[in-house]
Amino acid sequence: MDKLLNSIVYSDEQKELIQSLEARALQKVKIWDFEEIEELKKEIRDFYRKEQKVLCAYCKYPVSVVYPTNCHIEHIAPKSIHPEYILEPRNLCVICSECNQIKRNQETINQIPNTIKKKYKTKYPDKSEDFFIVHPHFDKYDDHILIINGYYIDKASKKGNFTIGACLLNRKFLFVGWEPSIVDDKELVNDFTEYIEEEDFHKRIKKLDKIKKDLFY
Numbered sequence: 002m003d004k005l006l007n008s009i010v011y012s013d014e015q016k017e018l019i020q021s022l023e024a025r026a027l028q029k030v031k032i033w034d035f036e037e038i039e040e041l042k043k044e045i046r047d048f049y050r051k052e053q054k055v056l057c058a059y060c061k062y063p064v065s066v067v068y069p070t071n072c073h074i075e076h077i078a079p080k081s082i083h084p085e086y087i088l089e090p091r092n093l094c095v096i097c098s099e100c101n102q103i104k105r106n107q108e109t110i111n112q113i114p115n116t117i118k119k120k121y122k123t124k125y126p127d128k129s130e131d132f133f134i135v136h137p138h139f140d141k142y143d144d145h146i147l148i149i150n151g152y153y154i155d156k157a158s159k160k161g162n163f164t165i166g167a168c169l170l171n172r173k174f175l176f177v178g179w180e181p182s183i184v185d186d187k188e189l190v191n192d193f194t195e196y197i198e199e200e201d202f203h204k205r206i207k208k209l210d211k212i213k214k215d216l217f218y
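Everything in the sequence shown is counted per our numbering, starting at 2 for the first residue and increasing by one.
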C-alpha cells in the first residue's frame, strides 16, 4: 500500500526567496516562469521524483528519471486558481505529461477558504476530506483506486472516481477504440466492487477471471 508523501523542506535561503515572491503570486504574476526560481523547481522535482519512486502520483506510470518534459511538478490545487499555494510543499508532487495535460486547471479543493478576494495567504487545507482528488500527501492511493491490467476502478470512493475522471486514467482504452460508455461500464464497476469485497480467495480468483474476460476477450 502506498505511503503518504513526505513534503519537501525548504532551506532558509529558499524560504527567503519564496517569501519575496509570494506577494507577486497573489497579484497573479506568473512567478513560476521566473528564471530565479529554476533551481528551486529542479530541487522540488528531484525531491518528489525520488519520494514517489519515479511514479506519477495519479496514474502510477513511470515519469522521466532525467528530463522534466515527462516529470512535471504538479500543483494539486491548481496554481492558476490558488496562487497562494504555488510553493506550498503539501501542494506539490510530480506527475506525467499526460496527466498534467488532462487535469490542468480543474478545481480540487472541496472546502474553499473564506477569504476576501485572496488578498493574503490562507492556511493550506490539511485534511483528506478537504479535497475532491486523491491527495498524495493525505490519502493512500490504494484505499481509493484499484488498478487491474491497466484498468482503473474506484473502490466505492468518490475521491477515486473524481481522480479517474479528472485525469482520464482509463484514456488508453479510449485511444484503442473503446467507447466512453464501455470504459465507464456500470456492470464492470459492479464486478470490480464484488471482487474487492469478496473475502474467499477462490471466489476472488473466479471474479477476477470474469473481469479479465469482459475486458480483453
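Here a beta-carbon is modelled for each residue, glycine too, at the ideal position from N, C-alpha and C.
With 16 or more other Cβ atoms from the protein chains shown falling within 10 Å of its own Cβ, E99 counts as buried.
Spatial neighbours of I148 in its own chain (CB-CB distance under 7 Å, excluding positions within 5 residues in sequence) are listed in chain order as K61. Beta-bridge analysis with DSSP links F132 to I110.
Your pair Y125 and V135 does not check out as a contact, with CB atoms roughly 17 Å apart and the cut at 8 Å. Annotation: the continuous beta strand (DSSP E) that includes D155 extends over Y152 to D155.
Taken in chain order, the complete alpha helix (DSSP H) segments of 4 or more residues contained in the region 34–86 are 39–52. With respect to the C-alpha of V66, the residue from F132, E52 and H203 having the closest C-alpha is E52. A Cβ-Cβ contact shorter than 8 Å links C97 with N71. Less than 8 Å divides the Cβ of H145 from the Cβ of G161. Counting C-beta atoms within 10 angstroms of its own C-beta, A157 has fewer than 16 neighbours from the protein chains shown and is therefore classed as exposed.
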